[in-house]
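Asker: In our numbering, the protein residues as written are 264 to 763. Below you will find the structure I want to go over with you.
Written as structure tokens, this is what we have:
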């Protein structure tokens, strides 16, 4: 089924036509009927920003994630979990799974991913959420509409690694939901950080028990050796290990987790790393530091460890960098388009990081679609029609700037005018002193100024197929349009030999 869908998906993707990108959305998809309410998620709220203050406090006064994580590990080991944090689902050498990143806003953009995920997830053995399961603060009281309800019809277990937002609740909600762990005993944190730090929220157990019923079928449960042991883990199969790491709030791997990661990586089987922070993103190299020295990429690149891919969330789009390391290629992937608002791709300069050539780089949304989206958004909100760039105009502007052939054939000739160039500059298409917010500042503070509850959403998820010889990773898009629900567009595909 997936092979057939993949072949169809190639023909209807954004790389082929504007329709495939969702620009000609004749009819919205069925996702709207899945939502429990019509409320959108907003960062433009003083209470929301105050609840999210731990990110700033961790930067000013130090990130306690490593210390708290060690306490969670100690607590879980006292409950009898495998000290090597192994997950052993009932899979053999051939299986498939899904991977979504940065899902949990509970609004239209999250639910828009669900129909395609369910269609292509049929028959998969499990799913993984990579980073930020719940926005804004990882509260255990928000899992109902942001986790259990959207994935109630996915008929397999779901595992997760936490993102920085899940840590704003001290990981209490995450550990309760995924590991069935009781709360940690409070431990005083003296000083200004302790005074201002947001404490874990008390979970309404009756509310959580009711929410769990939405994913209550036996086929959806991970029990016994298949249960998730903690915030980092390794999923074992005959053909492949999937190694999930917890990057906390400030993207540092603590000493205990580092020692575990080194032990796990000595296993002779091929591996994928799944991490809350991508190693390559935005044409930049950002490997997580290891407490005690070195980076996580030192472990990934060691040929004895046999890593074939490293997949990170946190950045809300899709990017792939095939990096040559010695005589092999490691696929470094960003997959954070599972539900949260889109981070721009048109701000990514011509790719040259890690020796990757621009022609080998892949991203979704395409840079032109990203630029057109933000131009239309700001033109509407600022009532400045001259800012608006059609998808074709934006496609040609980005192609000229990046100095590559347009990814898809433009619909008719385009003359690039001074107006278009100024619009692109202001929207951050290339470095410029004066620019409108289009990336993390926009996402965090200004997203409510846009009507992002209507398509196209430019969301995505990964489908992975594993055999003893090969790993196939496919990126499928979710636009929120009915046409793309019926035939999910395949925006990228890479086949990786496991015989390395």
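Beta carbons are placed, not taken as given, at the ideal position from N, Cα and C, and that holds for glycine.
Would residue 723 and residue 581 qualify as a contact pair, given that the criterion is a beta-carbon distance under 8 Å?
Answerer: By one-based count along the chain shown, residue 723 stands at place 460. By one-based count along the chain shown, residue 581 stands at place 318. Going by C-beta atoms, residue 723 is nearer than 8 Å to residue 581.
Asker: Taking a contact to mean a Cβ-Cβ separation below 8 Å, would you say residue 517 touches residue 554 in this structure?
Answerer: If you number the chain shown from 1, residue 517 lands on position 254. If you number the chain shown from 1, residue 554 lands on position 291. It is a contact, given that the beta carbons lie within the stated cut-off.
Asker: With the cut-off set at 8 Å, would you say residue 427 and residue 318 are in Cβ contact?
Answerer: To locate residue 427, count along the chain shown from 1; it is residue 164. To locate residue 318, count along the chain shown from 1; it is residue 55. Their beta carbons are under 8 Å apart, which means residue 427 touches residue 318 by this criterion.
Asker: Where does residue 724 fall in DSSP's three states?
Answerer: On the chain shown, position 461 is the one that residue 724 refers to. Reduced to three states, the DSSP call for residue 724 is strand.
Asker: Going straight from the alpha carbon of residue 543 to that of residue 621, what length do you get?
Answerer: Counting from 1 along the chain shown, the entry for residue 543 is found at position 280. Counting from 1 along the chain shown, the entry for residue 621 is found at position 358. Whole-angstrom Cα-Cα distance: 14 Å.
Asker: Tell me which residues share the same chain as residue 279 and place their Cβ nearer than 8 Å to its Cβ, disregarding the 5 neighbours each side in the sequence.
Answerer: Within the chain shown, residue 279 is the residue found at index 16, counting from 1. Excluding positions up to five away in sequence, the list reads 273 and 671.
Asker: Is it the case that the region 519-536 contacts the region 564-571, given that we only count it when at least three CB pairs across the two stretches are under 8 Å?
Answerer: The region 564-571, when compared against the region 519-536, does touch it at the 8 Å Cβ threshold.
Asker: Could you tell me if residue 708 is buried or exposed, where buried requires 16 or more neighbouring beta carbons within 10 angstroms of its beta carbon?
Answerer: Numbered from its first residue, the chain shown carries residue 708 at position 445. At residue 708, the pLDDT of 47 sits below 50, so the modelled position is not reliable; the number obtained from the coordinates is stated separately. Residue 708 comes out exposed.
Asker: Taking only the alpha-carbon atoms, compute the straight-line gap between residue 342 and residue 424 and give it to the nearest angstrom.
Answerer: Along the chain shown, read from residue 1 onward, the residue named residue 342 stands at position 79. Along the chain shown, read from residue 1 onward, the residue named residue 424 stands at position 161. For residue 342 and residue 424, the distance between alpha carbons rounds to 20 Å.
Asker: Could you pull out every residue in the same chain whose Cβ sits closer than 6 Å to the Cβ of residue 756, ignoring the five residues on either side in sequence?
Answerer: In the chain shown, counting from the first residue as 1, residue 756 sits at position 493. Excluding residues within five positions, the ones whose Cβ falls inside 6 Å are 737.
Asker: How many angstroms separate the CA atom of residue 355 from the CA atom of residue 487?
Answerer: Here residue 355 is taken as the residue at index 92 of the chain shown, counted from 1. Here residue 487 is taken as the residue at index 224 of the chain shown, counted from 1. Straight-line Cα distance between these residues: approximately 17 Å.
Asker: Determine the direct distance from the alpha carbon of residue 376 to that of residue 440, and round the result to whole angstroms.
Answerer: As a first step, residue 440 must be located in the chain shown, where it is residue number 177. As a first step, residue 376 must be located in the chain shown, where it is residue number 113. About 22 Å.
Asker: If residue 750 sits next to residue 275, beta carbons under 8 Å apart, how far is it from one beta carbon to the other, in whole angstroms?
Answerer: Translated into positions along the chain shown, residue 750 becomes position 487. Translated into positions along the chain shown, residue 275 becomes position 12. Going by Cβ atoms, the distance from residue 750 to residue 275 rounds to 5 Å, so yes, they are a contact pair.
Asker: Alpha carbon to alpha carbon, how far is residue 623 from residue 649? Give it in angstroms, no decimals.
Answerer: Counting from one through the chain shown, the residue named residue 649 turns up at place 386. Counting from one through the chain shown, the residue named residue 623 turns up at place 360. Computed Cα separation, rounded: 34 Å.
Asker: I'd like to know whether the C-beta atoms of residue 574 and residue 596 end up nearer to each other than 8 Å.
Answerer: Counting from one through the chain shown, the residue named residue 574 turns up at place 311. Counting from one through the chain shown, the residue named residue 596 turns up at place 333. Yes, they are a contact pair.
Asker: So, at 8 Å on beta carbons, what are the nonlocal neighbours of residue 653 in its own chain, with the 5 sequence-adjacent residues on each side left out?
Answerer: Position 390 of the chain shown, counting from 1, holds the residue named residue 653. For residue 653, where only same-chain residues beyond five positions count, the Cβ hits under 8 Å are 635.
Asker: Hey, how far is the Cα of residue 602 from the Cα of residue 294?
Answerer: Start at 1 with the first residue of the chain shown, and residue 602 comes out as number 339. Start at 1 with the first residue of the chain shown, and residue 294 comes out as number 31. Going from the Cα of residue 602 to the Cα of residue 294 covers about 12 Å.
Asker: Between the alpha carbons of residue 277 and residue 416, how many angstroms are there, rounded?
Answerer: As a position in the chain shown, residue 277 is number 14, starting the count at 1. As a position in the chain shown, residue 416 is number 153, starting the count at 1. So the two alpha carbons sit approximately 28 Å from each other.
Asker: Hey, how far is the Cα of residue 442 from the Cα of residue 351?
Answerer: What you label residue 442 is simply residue 179 of the chain shown in a count that begins at 1. What you label residue 351 is simply residue 88 of the chain shown in a count that begins at 1. The alpha-carbon atoms of residue 442 and residue 351 are separated by roughly 15 Å.
Asker: Does the distance from the C-beta atom of residue 482 to that of residue 515 stay below 8 Å?
Answerer: Here residue 482 corresponds to residue number 219 of the chain shown, with the count starting at 1. Here residue 515 corresponds to residue number 252 of the chain shown, with the count starting at 1. Not in contact: residue 482 and residue 515 (Cβ atoms no closer than 8 Å).
Asker: Can you list, in chain order, the residues of its chain whose CB lies under 7 Å from that of residue 547, leaving out five sequence neighbours each side?
Answerer: By one-based count along the chain shown, residue 547 stands at place 284. Once the five neighbours on either side are set aside, the close Cβ partners of residue 547 are 616.
Asker: Beta strand (DSSP E) containing residue 498: first to last residue?
Answerer: Within the chain shown, the letter at position 235 stands for residue 498. Here the beta strand (DSSP E) through residue 498 covers 496-499.
Asker: Quick one: which unbroken alpha helix (DSSP H) runs of 4-plus residues sit fully inside the region 376-404? Chain order, please.
Answerer: If we require 4 residues or more, the alpha helix (DSSP H) runs fully inside the region 376-404 come out as 377-383.
Asker: Tell me which same chain residues have a C-beta within less than 8 Å of the C-beta of residue 340, skipping the five on either side of it?
Answerer: Along the chain shown, one-based indexing puts residue 340 at 77. Here the set comprises 346.
Asker: In or out: residue 714 buried (at least 16 other Cβ within 10 Å) or exposed?
Answerer: One-based indexing of the chain shown puts residue 714 at position 451. For residue 714, the predicted model reports a pLDDT of 46, less than 50, meaning its position is unreliable and no value from the coordinates is stated.
Asker: Under DSSP, the alpha helix (DSSP H) around residue 274 begins and ends at which residues?
Answerer: For the purposes of this step, residue 274 is taken as residue 11 along the chain shown, with counting starting at 1. Segment 265-274, the alpha helix (DSSP H) holding residue 274.
Asker: The alpha helix (DSSP H) with residue 662 in it runs from where to where?
Answerer: Here residue 662 refers to the residue found at position 399 when the chain shown is read from its first residue. Taken as a continuous stretch (DSSP letters only), the alpha helix (DSSP H) holding residue 662 covers 654-665.
Asker: Relative to the C-alpha of residue 613, which residue among 692, 674, 558 and 682 is closest?
Answerer: Stepping through the chain shown from its first residue, residue 613 is reached at position 350. Residue 692 is the option with its Cα nearest to residue 613.
Asker: Tell me whether the beta-carbon of residue 577 lies closer than 8 Å to the beta-carbon of residue 394.
Answerer: Locating residue 577 in the chain shown gives position 314, counting from the first residue. Locating residue 394 in the chain shown gives position 131, counting from the first residue. Their beta carbons are under 8 Å apart, which means residue 577 touches residue 394 by this criterion.
Asker: Taking all protein chains shown into account, do 16 or more other C-beta atoms lie within 10 angstroms of the C-beta of residue 619, making it buried, or fewer, making it exposed?
Answerer: Mapped onto the chain shown, residue 619 falls at position 356. Buried is the call here.
Asker: What did DSSP end up calling residue 572 once you bin it into helix, strand or coil?
Answerer: Here residue 572 refers to the residue found at position 309 when the chain shown is read from its first residue. In this structure, residue 572 counts as strand in the three-state DSSP scheme.
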